[in-house]
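2 protein chains.
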Amino acid sequence: MLQPCSNNCSFCFVQYTNVMSNENLFRGIDKEEIGEIIRNVHHQVRSYNAGEIIIHEEEEYDSLLILVQGTVTTEMMNPDGQVLVLEQLEAPATLAPGSLFASHPQIPVSVVAQNNCRALLISRNSMNQILATNPKVLTNFMEILSNRIQFLSNRLKSLQFQSLRSKFAQHILQMNTIQKSLNVTLQKTQQELSELFGVARPSLARVIREMHNEGLIHAQGKHITILNIESLRRTK
Amino acid sequence: MLQPCSNNCSFCFVQYTNVMSNENLFRGIDKEEIGEIIRNVHHQVRSYNAGEIIIHEEEEYDSLLILVQGTVTTEMMNPDGQVLVLEQLEAPATLAPGSLFASHPQIPVSVVAQNNCRALLISRNSMNQILATNPKVLTNFMEILSNRIQFLSNRLKSLQFQSLRSKFAQHILQMNTIQKSLNVTLQKTQQELSELFGVARPSLARVIREMHNEGLIHAQGKHITILNIESLRRTK
DNA sequence: GTATTTTTGTAACATGTGTTACAATTTATA
DNA sequence: TATAAATTGTAACACATGTTACAAAAATAC
Numbered sequence: 005m006l007q008p009c010s011n012n013c014s015f016c017f018v019q020y021t022n023v024m025s026n027e028n029l030f031r032g033i034d035k036e037e038i039g040e041i042i043r044n045v046h047h048q049v050r051s052y053n054a055g056e057i058i059i060h061e062e063e064e065y066d067s068l069l070i071l072v073q074g075t076v077t078t079e080m081m082n083p084d085g086q087v088l089v090l091e092q093l094e095a096p097a098t099l100a101p102g103s104l105f106a107s108h109p110q111i112p113v114s115v116v117a118q119n120n121c122r123a124l125l126i127s128r129n130s131m132n133q134i135l136a137t138n139p140k141v142l143t144n145f146m147e148i149l150s151n152r153i154q155f156l157s158n159r160l161k162s163l164q165f166q167s168l169r170s171k172f173a174q175h176i177l178q179m180n181t182i183q184k185s186l187n188v189t190l191q192k193t194q195q196e197l198s199e200l201f202g203v204a205r206p207s208l209a210r211v212i213r214e215m216h217n218e219g220l221i222h223a224q225g226k227h228i229t230i231l232n233i234e235s236l237r238r239t240k
Numbered sequence: 005m006l007q008p009c010s011n012n013c014s015f016c017f018v019q020y021t022n023v024m025s026n027e028n029l030f031r032g033i034d035k036e037e038i039g040e041i042i043r044n045v046h047h048q049v050r051s052y053n054a055g056e057i058i059i060h061e062e063e064e065y066d067s068l069l070i071l072v073q074g075t076v077t078t079e080m081m082n083p084d085g086q087v088l089v090l091e092q093l094e095a096p097a098t099l100a101p102g103s104l105f106a107s108h109p110q111i112p113v114s115v116v117a118q119n120n121c122r123a124l125l126i127s128r129n130s131m132n133q134i135l136a137t138n139p140k141v142l143t144n145f146m147e148i149l150s151n152r153i154q155f156l157s158n159r160l161k162s163l164q165f166q167s168l169r170s171k172f173a174q175h176i177l178q179m180n181t182i183q184k185s186l187n188v189t190l191q192k193t194q195q196e197l198s199e200l201f202g203v204a205r206p207s208l209a210r211v212i213r214e215m216h217n218e219g220l221i222h223a224q225g226k227h228i229t230i231l232n233i234e235s236l237r238r239t240k
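Top line first, the protein sequences correspond to chains B and E. All the letters of the first sequence, read from the start, carry residue numbers 5 to 240 under our numbering. All the letters of the second sequence, read from the start, carry residue numbers 5 to 240 under our numbering.
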């Protein structure tokens, strides 16, 4: 049975072990063992309020953060304040894994809490200890790093090569798959979508209007009806 | 003393051990030991001619390639044939390290030989074996993965946020640092530069002309004289 | 249920880059 | 050295997205 390491260790009251067992880093490892792994190294749980910046772009960071509660976005910002949201992540998730063992530990993105979040913080030394003694965690961590490389490569390709119209068409098609209906409801505001697509909000609104006027979709606020799914798929 | 593993193993004739000892993957490991590591796993050396595609975008790939001779570029291409060169790499270099242990081993970039190249091929199983028995190689490999994540993040940021003018200004300033003169010579054609910047060639030519006309630089073919280094630095 | 804030819709205009085409120049090759 | 090929310089026009501004509509808070 799991025991807390001390009365004031907020992690050990088992509340996060369930969550952690769903995180890729600990995939294939049972809860008791996860608890043991964490208990044996220095760790702490940190809390963040909605809107708070969990990791500041360009900062040096020598710990791994594992999001155990809440939702975050990873973002880049240029000097004029233009924002690009790389992705949205929900607990459980490993945050900024690439900075832990890079030659220069500067983090190229910001991580922003979207609601109340908690994250487990493990120092680089502790991670070294975990990786050295748990081959399964090591394999998982390498897979996380590798997947991140693929994710970034694909994100780059999409930003560089896809038109705004094509990004939006693809987004509606995704909603269509998830919601299993030609009548989809956008889960994000135009502002949020435009930050994901890396464009200005009125540009997105214009593209939506054009697609509406051309009869591809019927757009009314967050409600979109797909009128011509084939041309949506052909959109490029 | 190093012995070849067989008479037809082109690696073992020690010709590449020097090169390998400079590759990050084997950093901190001496040549004899590198030879031992390679000899103990399946491996082969492949040759490629200039222009040949070493790794095809979107293909599945379950081996690691270590470039031991020549220069390659990693590229992305969109359906219309527009090219973005991610980077140019010279031997020694580890190619597409992110695909080896990703959940889905699809490679998001192409790797193209710029001249005659040779690469050492090690299968995933062999790499597993190497990583399991050589902690130093393992650490190095994780560092390579982490650095790649940072590289891609920074590349993304630059492509998304920097104007063409700013990219070119930065490039000239880099040349200035390397060549230690206000009179720099471009090492690449405009075509090559435009593929690095992800734009069309005439767009780059136009920006160069504008900067010339504004008196920032004097541009004559590949020869650029920096006339106002301060405004180059301020260019955004 | 009203007031306030956020989100959406729209317009006019600015700007940066793409496209195509071709001549001038430089570099490579026979 | 002559010839061909590649590279650079330039122009006119197209097109996608950015900028700014404001009204209409919807969502949220009081």
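Glycine residues also receive a C-beta, built at the ideal position from the N, C-alpha and C atoms.
Check, Outcome
"Minimum Cβ-Cβ distance from E62/E to chain B less than 7 Å", "no"
"Where the beta strand (DSSP E) containing S198/E begins and where it ends", "Looking at the DSSP string, S198/E is not in any beta strand (DSSP E); the run it does join, the alpha helix (DSSP H), is 194-201."
"Per-residue DSSP class, three states only, for H222/B", "strand"
"Where M80/E meets chain B, residues with beta-carbon distance less than 9 Å", "S157, L160, K161, Q164, F165"
"Chain B within 7 Å of R169/E, Cβ atoms only", "no"
"Short-range partners of chain E found in the region 183-210 of chain B, where Cβ spacing is below 9 Å", "G202"
"Opening and closing residue of the alpha helix (DSSP H) in which T239/B lies", "Premise fails: T239/B is in no alpha helix (DSSP H) and is neither H nor E."
"Within chain E, partners of S235/B - CB distance below 8 Å", "Result: empty, since nearest Cβ-Cβ is about 17 Å, beyond 8 Å."
"Distance CB(H60/E)-CB(S25/E) smaller than 7 Å", "no"
"Extent of the continuous alpha helix (DSSP H) run through N22/E", "21-25"
"Inter-residue CB distance, L29/B and I58/B (contact presumed, cutoff 8 Å)", "In fact, because the Cβ distance is near 17 Å, the residues do not count as touching under 8 Å."
"Residue-level contact to chain B via CB, P96/E, 7 Å cutoff", "no"
"Status (buried if at least 16 other CB within 10 Å, exposed otherwise) for L214/B", "In the sequence as displayed, the identity of residue 214/B is Glu instead of Leu. By the 10 Å Cβ count, E214/B comes out exposed."
"Residue interval of the alpha helix (DSSP H) (run including N232/E)", "From DSSP, N232/E is part of no alpha helix (DSSP H); its letter is neither H nor E."
"Closest residue to G32/E among D66/E, S103/E, Q164/E, N138/E (Cα-Cα distance)", "N138/E"
"From T189/E, V203/E, A204/E, Q174/E, residue whose alpha carbon lies closest to that of S235/E", "Q174/E"
"Assumed close pair L163/B, Q164/E - CB separation to whole angstroms, cut-off 8 Å", "6 Å"
"Under 7 Å between C-beta atoms of S170/B and K240/B", "yes"
"Chain E within 7 Å of G74/B, Cβ atoms only", "no"
"Rounded straight-line distance, which links the Cα of F201/B to that of E1/B", "Any answer about residue 1/B is impossible in this case: the structure gives chain B only from 5 up to 240."
"The alpha helix (DSSP H) enclosing R152/B, as first and last residue numbers", "139-165"
"First and last residue of the uninterrupted alpha helix (DSSP H) at N217/E", "205-217"
"Interface flag, A173/B vs chain E, CB-CB below 7 Å", "no"
"Cβ of M2/E within 7 Å of any chain B Cβ", "Because residue 2/E is not part of the residues shown, which for chain E are 5 to 240, the question remains open."
"Inter-residue Cα distance where the pair is E199/B and E40/E", "51 Å"
"Nearest-angstrom Cα separation, counted from F172/B out to R210/B", "12 Å"
"Range of the contiguous alpha helix (DSSP H) that encloses I38/E", "35-43"
"Chain E within 7 Å of V154/B, Cβ atoms only", "The sequence given here places Gln at residue 154/B; Val does not occur at that position. True, the Cβ-Cβ gap to chain E drops below 7 Å."
"Residues near Q224/E in its chain [Cβ-Cβ closer than 8 Å; skip 5 each side]", "none"
"C-alpha distance - F145/E paired with E94/B, whole-angstrom precision", "28 Å"
"Proximity winner among R159/E, A204/E, V141/E, P101/E, relative to P112/B (alpha-carbon distances)", "R159/E"
"Simplified DSSP assignment, three categories, for Q133/B", "helix"
"Sub-7 Å separation of Q191/B and R205/B beta-carbons", "no"
"Chain-order list of residues whose beta-carbon lies under 8 Å from that of T189/B (same chain, five-residue window excluded)", "M179, Q183, K226, H227, I228"
"7 Å Cβ cutoff, A106/B in contact with chain E", "yes"
"N-terminal and C-terminal residue of the beta strand (DSSP E) that L124/B is part of", "121-127"
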